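Let me begin by presenting the structure, written as structure tokens, before commenting on it.
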């Protein structure tokens, strides 16, 4: 199957990352080398931009600007959280037909893969010839098939550094410190809090993950144990931890917020967990009340900082994000496939190496994966050395964490 | 006056910074060159360590470890928030006499300068011969006499990067974003949120500082104006902003927390403002209720992340922190003074250059300074170009912030 002539649309979708523009530029730089592809259109705010015919001509961007945009965090084309209806898909095909678009690249996580999948299926039903490719990104690292996803390495680097700093801070001014970290259903990002540990008593001393529901009592007794042993305690908590005492199996955030008023959801049905300090403050009060009223207890919620922080970028992550963009184009014009997603597979062996494969859209769409069992300790309140071995190559070399020999 | 023979104590005090260990190592590397100085003792947790005779022999530390400790954020000797009583001072002199200590170096902010001042005055009254020198540090940048203080440049770099990333995030997924930034009484750190702006419509679009009390109505109408103009709004808020409607002139945080229960204070009389998302969440609700129920409003509180984040360090700041440590020793053994603090004075002229002077302890102790009037716009909700000119040389080169030419 020779590549079909026509124009291309690229969109970005879902939460921004520090390296999502690397993928965008990867797609563009690969597309300009394909003779069959004419115009390269950037859709502003993803599918919303297609519906509104809101395009940028990416062929007009200079190589210098593209390189600088690649190094700039967050989605340069704008993003969106939107699942298109069949009716909206047909309107998109009208727009695409008008612009003779035959290639669609969508950079995002599982929800964006679902959108790509829907667009692809609807194009088939409508008889509109379109090659739909999804380019992976998500700080949550919860895409199936993939060893890991672009965006995770840099966000994990932020979390590792943040906890390294916070542990040093807590050692200097002891007390209980609670850090709330992003990750709706998967604990990968929260687990990264362990990566900056160097000394046996370095924090985080406790890591609570969405994969292991936990009770209030257990959190308090865990904190009490660590505090009694070390005189301080640093806790990393996922925003998605589940209340083991809740009959409905909801997250603590949902339990707390449901008492406060109606809950915000997006069109994918996701409840807002970030952008609020509620869980952190609630946990700090819980610990204070149950472990010690006189304890110095503080809580920080990392919120949106962790997903696109300029200057805290993993070089490995940046390079892989770029390559995912290039590979999507290679798969799209290579002749073997009409649709798919780029999957990152780790080669076996001691040396860290990644192979890029094409996978079916349905394999990465919608459903997510969780932290594997062997990455979580039996007690359920920490990560294993297997996790550290898995994640360390993804974050780049970490900053200095050195103590005086005398202490 | 020749330098008197004897041993030296170094302590760190107050909130950690990313470069406070540079100052520690600066003091140590200068002291080892002074023949009159024998042992160099590090007091763990500042004055608390002196009272408890809890010392580390810093002469035993290798040059390699010292260099790596200098590059590690937070206080390697441990920190403390404690104002010694006259009685405690006399107990400290007993300890010092026992160890033949004649030099006391204390690294910290205005509260630590006050402690150094108290120790110095009490030593005079008690007839205990001691040279007391304060080495400046504070992310708040509120020490008097100084152009700026070590620790500020790196924390300001963090805040500038954070807002740069958050502005890019907000441009990709528009809405109202509120970021709460440290700074008890002075708005220097919050003002640094402006340093990453590059394009005319880059956020933060509004900056609220402790120096300008503001009403709830004004915040809401400001946000409404920006949102109507740009379709989005990024707001940087100091944790110390004052409620202009409160008859007692308290901070919003104090007003909110006073409704929630008793307020925590340290021995310097400071109320806890950090380590809680209360102000951010409250502001998000305020905006939602008054500007638009359907608005996407999020709030992040940077908390402790901003003061000692590994890897986000201003090279200028690190070098100056080191030099402040060295200068304190130079002043202490130079023969002209028995006590004092190191002050950083900016040389006039286009090129950025700093001169180090000895100043009286009372000049930097206790009282703080605020953001000068010409750094704040007349409207009181943003900073001027004069501030940017002042602060840019302190944070080092900032990461890339580049848009597509087409948007």
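Chains as they are written, first to last, in the working numbering: chain E, 31 to 437; chain S, 31 to 437.
By construction, the Cβ of each residue, glycine as well, lies at the ideal position given by its N, Cα and C atoms.
In this text, all values refer to a predicted model and were calculated from it rather than measured experimentally.
Can you list the residues of chain E that residue 180 of chain S reaches, using a CB-CB cut of under 9 Å?
-> Under the 9 Å cutoff, chain E gives no residues; its nearest Cβ is about 16 Å from residue 180 of chain S.
Could you name the residues of chain S that residue 339 of chain E contacts, counting a contact when the two beta carbons are closer than 8 Å?
-> 191, 192 and 195
Chain-ordered neighbours of residue 98 of chain S on chain E, where CB pairs are closer than 8 Å | 430 and 432
For residue 201 of chain S and chain E, any beta-carbon pair shorter than 8 Å?
-> yes
Indicate whether at least one CB of chain S lies closer than 8 Å to the CB of residue 293 of chain E.
-> Confidence at residue 293 of chain E is low in this model, with a pLDDT of 49, below 50, so the placement of that residue should be treated as unreliable; the coordinate-derived value is given next. Not closer than 8 Å to any Cβ of chain S, the Cβ of residue 293 of chain E fails to qualify, so no.
For residue 346 of chain E, is the beta carbon positioned less than 7 Å from some heavy atom of the ligand MN?
-> No copy of the ligand MN occurs in the structure displayed, which carries no ligand at all.
Reference residue 67 of chain E, options E:55, E:394 and E:89, closest by Cα = E:89
Amino acids of chain S, ordered along the chain, whose beta-carbon sits closer than 7 Å to that of residue 91 of chain E = Ordered by position in chain S, the residues that pass the 7 Å Cβ test against residue 91 of chain E are 434, 435 and 436.
Less than 8 Å between the CB atoms is what I'm expecting for residue 337 of chain S and residue 157 of chain S, so what's the real figure, rounded?
-> Contact between residue 337 of chain S and residue 157 of chain S does not hold, since their C-beta atoms are separated by about 39 Å, which reaches or exceeds 8 Å.
Nearest to residue 432 of chain S by alpha carbon, out of S:43, S:106 and S:195?
-> S:195
Interface positions of the segment 306–317 of chain E facing chain S (Cβ-Cβ less than 8 Å), listed along the chain | Answer in chain order: 306, 307, 308, 310, 311 and 314.
Smallest Cα separation from residue 386 of chain S: which of S:35, S:378, S:392 and S:374?
-> That would be S:374, whose Cα lies nearest to the Cα of residue 386 of chain S.
Quick one, are the C-beta atoms of residue 122 of chain E and residue 70 of chain E less than 8 Å apart?
-> no
Residues bridged to residue 373 of chain S (per DSSP) = S:387
Pull out every residue of the segment 96–120 of chain S whose Cβ sits closer than 7 Å to any Cβ of chain E, in chain order.
-> 98, 99, 101, 102, 103, 104, 105, 106, 108 and 109
Where residue 276 of chain S meets chain E, residues with beta-carbon distance less than 9 Å | Per Cβ cutoff of 9 Å: no residues; residue 276 of chain S is ~22 Å from chain E at best.
For residue 275 of chain E, which residues from the same chain have a beta carbon less than 8 Å from its beta carbon, with the 5 sequence-adjacent residues on both sides left out?
-> 245 and 246
Per-residue contacts from residue 36 of chain E into chain S (C-beta, under 7 Å) = The premise fails here: residue 36 of chain E is roughly 20 Å from chain S at the closest Cβ pair, so nothing lies under 7 Å.
Would you mind stating whether residue 102 of chain S and residue 427 of chain E have Cβ atoms separated by less than 8 Å?
-> no
With a threshold of 16 other CB atoms inside 10 Å of the CB of residue 394 of chain E, please say whether the residue is buried or exposed.
-> buried
Measuring only between beta-carbons, confirm whether residue 425 of chain E sits less than 8 Å from chain S.
-> no
Which residues bound the beta strand (DSSP E) around residue 268 of chain E?
-> 263–268
Report all residues from its chain with a CB closer than 8 Å to the CB of residue 407 of chain S; omit the five preceding and five following residues, and keep chain order.
-> 413 and 414
Considering only C-alpha positions, which residue in the set E:111, E:233 and E:209 is nearest to residue 204 of chain S?
-> E:111
For residue 164 of chain S, the nearest candidate out of S:332, S:271, S:137 and S:352 (CA to CA) | S:137
Using 8 Å as the limit for Cβ to Cβ distance, is residue 87 of chain S near chain E?
-> Yes, its Cβ sits closer than 8 Å to a Cβ of chain E.
Cα separation between residue 139 of chain E and residue 181 of chain E?
-> 10 Å
Specify, as a first and last residue, the run of the beta strand (DSSP E) that residue 37 of chain E falls within.
-> Residue 37 of chain E -> beta strand (DSSP E) spans 36–42.
Within 8 Å (strictly less), CB to CB, does residue 214 of chain E reach chain S?
-> Among the residues facing chain S, residue 214 of chain E is not included, as its CB has no counterpart in that chain under 8 Å away.
Which chain E residues sit within Cβ distance under 9 Å of residue 198 of chain S?
-> Correct list: 46, 102, 103, 104, 105, 106, 338 and 340.
Cβ pair count under 8 Å reaching 3, the segment 319–327 of chain S against the segment 213–225 of chain S = no
So which of S:219, S:258 and S:344 has the shortest CA-CA distance to residue 267 of chain S?
-> S:219
Can you grab the Cα-Cα spacing for the pair residue 371 of chain E / residue 143 of chain E, in whole Å?
-> 8 Å
Please name the residues in the segment 356–388 of chain S whose beta-carbon is closer than 8 Å to at least one beta-carbon of chain E, in chain order.
-> Hits within the stretch: zero.
Show which residues of chain S have a CB atom less than 7 Å away from the CB atom of residue 74 of chain E.
-> 437
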